[in-house]
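Numbering (the working numbering), first residue to last: 226 to 701. This report refers to the structure that appears directly beneath it.
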Amino acid sequence: MRKTYKNCQNYTVLALISMSLALQSCRIEGNQDIVPAIKQLPTKRLARMQATTDNPGDHKHLSRAVEDIKFSGKRKVEEKQKEVVTEKKKRRTLVEEDIVSDIPVIHKEPSSPGAKQRKRAISISIRKATRKKATNVSFNNIVENQQCFANLLNYLPLKETLHLRQANRYLNKTIVDSKLVVPCAIKRTIDFTELDYTPQTIPTFPFYRLMRSIDQLPRAFWSYLPLTRVEELHLSFMDINDAEIWQLGKYLEYSRIKLLIAMFNNITSKGSTDLGKSLPLWPSIYEVYLKNNLLGDAGAIGISLYLPECHNLKIMDLGSNKIGDKGAAGLGKNIQDSNIENLILTGNQITAEGACELVKNLSKTKVRCLQLGCNPIKNRLGELGRILSTTPVKILGLHGNRIGKKGIMELIQNLAGSNVEELYLVNNDISDSGIKKIAEFLKDTKIYKLDVRVNYIQKKTQLFLTQHYPHVEWVF
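So, in structure tokens, the structure goes:
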């Protein structure tokens, strides 16, 4: 403990004193229902503690803060003191009875030689056993109540927290053990644009142990991510370039990241390929969103080369990245042995030819959802429907393609033997007469949900469709 005091600032010493007082109060009470004194300490008082301990020479404020901690919750301790004393007396009586019952009775005169020594030995053994049983109070009520330590650890920099781990095994277990910290995770996304912290000033306990989802994380924090328990990283609209996305990929190797959103940045084909090389070393990655970047055909092919090695990656969004037919065909070939289930390619430059080449390669994949909306796909829809019948695709998105009645009818006619169950045809120039004819072909398909919003369908037609085709979930 002396080494710890020498290496720490005054506020770390204050934290040690506070925690020891909290532990001592719980040890005195001996009741798991009694909240430690530090738990009742108001947040403003904690803030005042930190503010007053920035000056190492201000001993008056430091001692005053210690006194505040020491006597906060004193009333509860006094109220329970009588009950605690009664419980101790009962426990001492039981222990004495147990010990005395185990001692063999020796029938000797009190004045016989050795009687005093035997009597003294019996009394010593009773005192030792009573002391051991009376002080055998579990610290689980302290360790399990992470809020007690979190209120103090929030105010310590990382270096001071590392020193604090050396104080005793209970603090070390609280700071290090994931089983104790995981239940206290902060569920909401932390937006760093609303904060004014640097890696040196940020409260370390919430950053390294409690935060799970972070938005707009400054670049200065990226190298610290492997030490945290962050699972969701939102980095959209941050003008990230190829060098930065490559560096980020290196930082996140063997991290806990499950979700990466890096939309509306300046990532080109080189950056996406470099990111793809790092993705197999992200063991927990599940979703990657790279919408509205500058990948192109080369970028789509480059990142898809490494997707078969990402065993937990299920969702890949490459929308609005100027991907053409060549990129779509190469992407389909490269993901054949991957675990991708949701492939999003909306807002690209994929024509009907590129879409057919892409779908041909999906027969051996696990893709269940294919989004091809806002692409110039207006012909060869009958062929696209026939190819889809050989794939495991269940959700097909063609919104914003302005296909029209004729193209949609060709598509649905050829979906009779496919697995497609949900079809999204938002904004495709469908009229009242067209939707009625389309509905007639739904009988031979597995489609149970049809989204036809932003089309030219009147309310009378909507009512007609819901009445005559109740097995279909219509979205108008």
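Positions of the beta carbon are idealized from the N, C-alpha and C atoms, including for glycine.
Apart from the five residues on each side of it in sequence, which residues of its chain come closer than 8 Å, Cβ to Cβ, to I602?
Excluding residues within five positions, the ones whose Cβ falls inside 8 Å are I575, T576, A577, A580, L609, L623, N626 and I628.
Can you tell which of N680, D467, S448 and L460 has the C-alpha that lies nearest to the C-alpha of L477?
Answer by Cα proximity: S448.
Under the three-state reduction of DSSP, which class applies to L538: helix, strand or coil?
Three-state result, L538: coil.
Can you list, in chain order, the residues of its chain whose CB lies under 6 Å from that of L519, leaving out five sequence neighbours each side?
Within the same chain, L519 has close Cβ partners T493.
Pairing CB atoms from the region 413–430 with CB atoms from the region 463–476, are three or more of them under 8 Å?
No contact exists between the region 413–430 and the region 463–476.
Kindly list the residues whose CB is nearer than 7 Å to the CB of N559, restricted to its own chain and excluding five residues on each side of it in sequence; keep chain order.
Answer for N559: I526, S529, L530 and L532, listed in chain order.
If the criterion is Cβ atoms closer than 7 Å, does the pair W699 and L690 meet it?
The answer is yes: Cβ separation under 7 Å.
Roughly how far, in whole angstroms, is the beta-carbon of A487 from the beta-carbon of L515, given that I think they are within contact range, below 8 Å?
Indeed they touch by this definition, with Cβ atoms about 6 Å apart.
Just to confirm the assignment, what range does the alpha helix (DSSP H) spanning E512 have?
No alpha helix (DSSP H) contains E512, which is instead part of the beta strand (DSSP E) from E512 to Y514.
Quick one: grab the DSSP three-state call for M463.
In this structure, M463 counts as coil in the three-state DSSP scheme.
Helix, strand or coil: which one does DSSP assign to D440?
Strand, per DSSP.
My assumption, with CB atoms under 8 Å, is that I569 sits in contact with D542. Please give the rounded CB distance.
Their Cβ separation, rounded to whole angstroms, is 4 Å, which keeps I569 and D542 in contact under 8 Å.
Buried or exposed for E419, please, with buried defined as at least 16 other CB atoms from any protein chain shown within 10 angstroms of its CB.
Classification for E419: exposed.
Return the chain-ordered list of same chain residues with a C-beta closer than 8 Å to the C-beta of F489, the five sequence neighbours on each side being excluded.
Excluding sequence neighbours, F489 sits near S461, F462, K516, N517 and N518.
Alpha carbon to alpha carbon, what distance is there between G557 and K585?
Roughly 8 Å separates the two Cα atoms.
Please report the distance separating the alpha-carbon of V513 from that of D657.
Using only the alpha carbons, I get a separation of about 39 Å.
If you draw a straight line from the C-alpha of T616 to the C-alpha of R444, how long is it?
Near 42 Å, if we compare the C-alpha coordinates of R444 and T616.
Count the other CB atoms within 10 Å of the CB of G642; is the residue buried (16 or more) or exposed (fewer)?
Exposed is the call here.
Taking the alpha-carbon of N653 as reference, which of M634, N644 and L640 has the nearest alpha-carbon?
Taking only the C-alpha atoms, the option nearest N653 is M634.
In angstroms, rounded to a whole number, what distance separates the CA positions of D464 and G659?
Cα-Cα distance, rounded: 44 Å.
Can you tell which of L583, G549, L675 and E457 has its C-alpha closest to the C-alpha of L595?
The shortest Cα separation from L595 among L583, G549, L675 and E457 belongs to L583.
Between V455 and R481, how many whole angstroms is the CB-CB distance? I'm expecting something under 8 Å.
Rounded, the Cβ-Cβ distance is 7 Å, consistent with contact.
Thinking N567 and S545 are a contact (beta carbons under 8 Å), I'd like their distance in whole angstroms, please.
16 Å between Cβ atoms; not a contact.
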